[in-house]
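Contents: one structure, followed by commentary.
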Amino acid sequence: MTAAATQGPGAIGVPDYVGVAGGGRMGVGIAHAFLLAGASVTVLERDDAAAAQARSELLRAARASIDREATSESLDALELRMSFTTSADPLAGAGLVVEAVPEDLALKLEVLARVEAVLPGDAWLASNTSSLSIDDIAATLDRPERFCGLHFFNPVPASSLVEIVRGGRSASELIDAARGWVEAIGKTPIVVKDSPGFASSRLGVVIALEAIRMLEDGVATADDIDTAMVLGYKFPVGPLHLTDLVGLDVRLGIAEYLESTLGERFAVPPLLREKVAEGKLGRKSGEGFFTWPE
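Right under this line is the structure:
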């Protein structure tokens, strides 16, 4: 497969061939979005078992899109444009690779270095990080001007926003191209400069942390705190419900980073640390601030 792979319907604005490094929930969602927009997509995973799981999840998402008539393509046609690998080499023909591994800086740097080493000089590279510094990551790359943040939201298919994070060395051409990619996959772009937590995580996390403190203090139940924000402020879901969806461990990591960079207003509530230590991570573990059925 090469960068000249045939595009499917609706592919205007997206690269012919897109790589996604990381096949977890976010990575599969990103791959799914570009697949439906007509790109050929390769998902890079750490081992064969993880690659097989990513394939299963992407096929499930593709079937769901067909069932709700979000695409006119057949499952066979979509499957022909998806592939899975444990080696970075097949990404050598990609026009864009989006890194979507967990929020661990060392892991992201290792994966991005592997990917950049095989990419052609005219390819673009992006990170789906929700809080880590784009400039700090870019400083480790050979071509920082071809790198930016593309922060997708969970769950990707249902979310309409993508945050484009402009690093200090990100080329203007890249930011313009990124706007086009985001619009081509049916989402709305916003552009923010590289700063801790960008715009969305910074605001979302501070609200979530205060909701957790209110729960700690016995101000109201988790249900009532969330209902206050849904009905009173028109949030689509409450901050505690959303924390369960994102993952309490993910929220904890972002909050710790923001506290270290922006100060004590992002201090982590003891209740969040306790739940993570107990393995109550939200929907993915079956329990967080709420109980989730299988």
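Residue 1 is where the sequence shown starts when you use the UniProt record's numbering, and the numbers rise one by one after that. For glycine and all other residues, C-beta sits at the position ideal for the given N, C-alpha and C.
- The three-state reading of DSSP puts Arg166 in strand, counting E and B together.
- The beta carbon of Lys193 is closer than 7 Å to those of Arg166 in its chain, skipping five residues each way along the sequence.
- The three-state reading of DSSP puts Trp124 in strand, counting E and B together.
- Looking at the DSSP output, Ala21 shares a beta bridge with Leu44, Glu99.
- Of Leu240, Pro269, Ala255, Glu256, the smallest CA-CA separation from Gly288 is found for Leu240.
- Residue environment: Val250 is assigned as buried (16 or more neighbouring CB atoms within 10 Å of its CB, all protein chains considered).
- A residue is called buried once 16 or more other Cβ atoms fall within 10 Å of its Cβ, and Ser40 is buried on that count.
- One Cα belongs to Gly186, the other to Val98, and the distance between them is close to 17 Å.
- Per DSSP, Thr85 lies in no alpha helix (DSSP H) segment; the continuous beta strand (DSSP E) that holds it begins and ends at 82–85.
- The beta carbon of Arg114 sits closer than 6 Å to those of Ala88, all from its chain and outside the five residues before and after it, given in chain order.
- Straight through space, the alpha carbons of Leu252 and Ala277 are spaced by roughly 11 Å.
- Annotation for Gly180: the continuous alpha helix (DSSP H) segment containing it runs 172–184.
- Taking Leu271 as the centre and dropping the five residues before and after it, the same chain places the C-beta of Ile212, Glu216 closer than 6 Å to its C-beta, in chain order.
- Here Ala33 is not near Phe84, since their CB atoms are 7 Å or more apart.
- The stretch 130–149 and the stretch 193–209 touch, with three or more beta-carbon pairs separated by less than 8 Å.
- By the criterion of a C-beta distance shorter than 7 Å, Asp48 is surrounded in its chain by Thr86, once the five residues flanking it on both sides are discounted.
- Here Leu75 is exposed: its Cβ has fewer than 16 other Cβ atoms, across all protein chains shown, within 10 Å.
- Counting only the Cα atoms, Leu248 lies some 26 Å from Cys148.
- Annotated three-state conformation of Glu287 is strand, per DSSP.
- By the neighbour-count criterion, in which 16 or more other beta carbons inside 10 Å mark a residue as buried, Trp124 falls on the buried side.
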